[in-house]
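Undergrad: In full-length UniProt numbering, the protein residues as written are 1 to 97.
(1) Please report the straight-line C-alpha distance between residue 19 and residue 32, rounded to a whole angstrom.
(2) For residue 26, which residues from the same chain have a beta carbon less than 7 Å from its beta carbon, with the 5 sequence-adjacent residues on both sides left out?
(3) If I follow the unbroken alpha helix (DSSP H) through residue 122, where does it start and stop?
(4) Would you report the Cα separation of residue 81 and residue 40, rounded to the nearest angstrom?
(5) Exposed or buried, which one is residue 47 when buried takes at least 16 other CB atoms within 10 Å?
(6) Check the C-beta distance from residue 34 over to residue 12 and give it rounded, since I have them as a contact under 8 Å.
(7) Can you give me the start and stop residues for the alpha helix (DSSP H) that residue 62 sits inside?
(8) Identify whether residue 57 lies in helix, strand or coil by the three-state DSSP scheme.
(9) Identify which residue in 84, 83, 73, 85 has its Cα closest to the Cα of residue 17.
(10) On the criterion of 16 or more Cβ atoms from any shown chain inside 10 Å, does residue 97 qualify as buried, or is it exposed?
Take a look at the structure:
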């Protein structure tokens, strides 16, 4: 079985790209709120639940938002891939050789 011919490689590559994009978006979210709202003088900070707004949005809300996004991605876009050496196609029919 060659790497390019097995359908499981396409699935795993697609899922890896989706995970990488989500990680990059998480970093952008964190950076934008942490340095966007946190770049002002301390006297101008607003507070949410006792935390500076930049910390609340970048760390606390970012964690909640991206945890939900990961759950959605795994639930609806990822699919279970068998790891056995049975060489059947995506539909479970026939041999791919």
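Ideal placement from N, C-alpha and C gives every residue a C-beta, glycine not left out.
Note that this is a predicted model, so its numbers are computed, not measured.
TA: From the atom records:
(1) 20 Å
(2) 62, 66
(3) Any question about residue 122 goes unanswered here, given that the chain covers just 1 to 97.
(4) 48 Å
(5) exposed
(6) In fact, because the Cβ distance is near 32 Å, the residues do not count as touching under 8 Å.
(7) 62-76
(8) helix
(9) 73
(10) Per-residue confidence for residue 97 stands at a pLDDT of 44, beneath the threshold of 50, marking its modelled position as unreliable; the derived number appears in the next sentence. Exposed is the call here.
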